[in-house]
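A short write-up of the structure that comes next.
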Amino acid sequence: MTSADFASNRDNFCYRHPDRQSFVLCQRCARTICGECQTPAAVGVICPECLKEQQRHRTPAQKRAQRRWGRGGGAVAATSGGTRGMLWIFVLTAVAFLVNWAGSYLGFSLDRWLGFWAPYLYGAAGIPQPWRILTVVLTHAGFMHIFLNMLSLWMIGRSLEPLLGTGRFVATYLLSAAGGSAAVTLLGFDTYVVGASGAVFGLFGALIVIGRHLGANMTGMLVVLGINLVLGFIPGSNVSWQAHVGGLAVGALVGWIFTRTRRADQRRTQILLLSLVGAGLVAVFVAAPYIVAAFV
């Protein structure tokens with residue numbers, strides 16, 4: 001499907017807001033819905049009409065439980081969709097930063113347990129520590145480092161998460177983080193890395209691929225991305241270009257998968273392809289020591 005085809009197909013726009021493109025479908029009626037129209041369901045999200053239909057069939061016990069917890073239908077609709085995933089990333093990253101900052105005065109470092117150094121994956125500290133592949137996004141080298149990463153996350157996430165939905169957005173973030181760690185393992189095996197920039201670059205890649213597919217003008221985004229990529233290659237910049245390139249590549253791939261599997265009947269295909277991306281990254285980590293040793 002070309003970008004023009006996608007933009008001209010009314011099925012790719014929110015049925016209640018025809019000026020808003022979206023990749024998210026109601027899990028009950030399969031209509032396209034934007035972030036404002038999404039309400040979390042047991043599986044996925046549902047549209048306002050399906051929410052009303054669901055509420056009409058509630059049992060008396062369910063109605064009493066809803067009143068007890070103080071969340072009527074209006075409250076659910078008002079808090080659905082949007083950028084919940086991005087907000088949780090902000091909260092977790094800020095908490096980790098504050099704990100690490102406090103630890104600097106108390107004699108311990110959280111970054112020591114969460115930062116990424118490839119040899120730690122293979123038992124350099126006694127036991128393998130694979131959690132570092134993802135927890136690196138919670139570590140930062142200082143206030144400006146976390147501020148710039150979270151600012152970039154906000155600039156991208158406020159557009160990308162409502163378009164994809166929270167689940168796909170978080171999956172893109174985590175897979176991109178793993179992609180950045182994989183690239184560091186292959187191309188900078190002995191480099192210690194902190195920061196969420198690999199994951200953020202992945203969101204950049206996904207947004208650009210999806211934006212191009214929607215027919216949007218992504219020139220400004222490409223310029224910003226290009227400048228940030230070049231900065232990573234400047235000697236003495238102390239920036240992990242490997243994490244940037246790896247995160248960008250995986251994020252772009254994930255974005256491409258979303259553009260090809262957005263229909264309700266392609267959900268299993270989408271999950272399968274994303275699982276294959278994850279499996280491919282696992283394979284990279286397994287093979288990396290042998291690949292690196294072959295070129296040393």
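First residue of the sequence shown? That's 1 in UniProt numbering, and the numbers climb one at a time after it.
Note that the Cβ used here is the ideal one computed from N, Cα and C, for glycine as well.
Reference residue i; option with closest CA among the options
| i | options | result |
| --- | --- | --- |
| residue 323 | 115, 107 and 82 | This structure gives no information on residue 323, because the portion of the chain shown stretches from 1 to 296. |
| residue 280 | 179, 236 and 245 | 179 |
| residue 286 | 19, 121 and 105 | 121 |
| residue 144 | 134, 112, 123 and 195 | 195 |
| residue 276 | 265, 253 and 224 | 253 |
| residue 294 | 263, 197, 245 and 189 | 189 |
| residue 130 | 291, 53, 177 and 290 | 177 |
| residue 159 | 110, 34 and 266 | 34 |
| residue 137 | 245, 288 and 197 | 197 |
| residue 248 | 218, 238, 217 and 209 | 209 |
Proximal residues to residue i (C-beta, below 6 Å), its chain only, five neighbours per side dropped
| i | result |
| --- | --- |
| residue 273 | 257 |
| residue 165 | 24 |
| residue 262 | 23 |
| residue 288 | 185 and 186 |
CA-to-CA distance, residue j to residue i, given in whole angstroms
| i | j | result |
| --- | --- | --- |
| residue 81 | residue 40 | Low confidence applies to residue 81: its pLDDT is 49, below 50, so where it sits in the model is not reliable enough to give any reading. |
| residue 255 | residue 16 | 25 Å |
| residue 56 | residue 162 | 27 Å |
| residue 87 | residue 233 | 31 Å |
| residue 147 | residue 169 | 20 Å |
| residue 83 | residue 296 | 45 Å |
| residue 243 | residue 250 | 11 Å |
| residue 226 | residue 212 | 16 Å |
| residue 282 | residue 268 | 21 Å |
| residue 108 | residue 101 | 9 Å |
| residue 97 | residue 222 | 30 Å |
| residue 270 | residue 215 | 22 Å |
| residue 278 | residue 132 | 15 Å |
| residue 264 | residue 48 | 18 Å |
| residue 110 | residue 193 | 14 Å |
| residue 140 | residue 290 | 30 Å |
| residue 235 | residue 266 | 45 Å |
| residue 218 | residue 29 | 32 Å |
| residue 89 | residue 152 | 13 Å |
| residue 292 | residue 52 | 57 Å |
| residue 85 | residue 105 | 31 Å |
| residue 50 | residue 237 | 52 Å |
| residue 149 | residue 127 | 30 Å |
| residue 154 | residue 91 | 12 Å |
| residue 99 | residue 54 | 43 Å |
Bridge-paired residues (DSSP) for residue i
| i | result |
| --- | --- |
| residue 116 | 193 |
| residue 46 | 39 |
| residue 21 | 13 |
| residue 32 | 25 |
Spatial neighbours of residue i in its chain, beta-carbon cut-off 8 Å, leaving aside the 5 residues before and after
| i | result |
| --- | --- |
| residue 284 | 182, 185 and 186 |
| residue 241 | 229, 232 and 233 |
| residue 156 | 200, 203, 204 and 207 |
| residue 191 | 117, 118, 184, 240 and 242 |
| residue 13 | 19, 20, 21, 22 and 32 |
| residue 171 | 254 and 274 |
| residue 45 | 24, 26, 27, 33, 38, 39, 80, 81 and 165 |
Residue i at chain D interface by Cβ criterion, 8 Å
| i | result |
| --- | --- |
| residue 204 | Absent from the structure: chain D. Only one protein chain is present. |
Residue i, enclosing alpha helix (DSSP H) - first and last residue
| i | result |
| --- | --- |
| residue 297 | Only positions 1 to 296 of the chain appear in the structure, and residue 297 is not among them; the question remains open. |
| residue 233 | Note, residue 233: premise wrong, no alpha helix (DSSP H); not H, not E. |
| residue 300 | As shown, the chain starts at 1 and ends at 296. That puts residue 300 outside it, with no answer to give. |
| residue 266 | Segment: none, residue 266 is in no alpha helix (DSSP H) and carries neither H nor E. |
| residue 135 | 132-135 |
Close Cβ partners of residue i (< 7 Å) along its chain, the five nearest in sequence each way excluded
| i | result |
| --- | --- |
| residue 174 | 134 |
| residue 103 | 109 and 110 |
| residue 125 | none |
heavy atom of the ligand GTP below 7 Å from residue i C-beta
| i | result |
| --- | --- |
| residue 22 | This structure lacks the ligand GTP; in fact it carries no ligand of any kind. |
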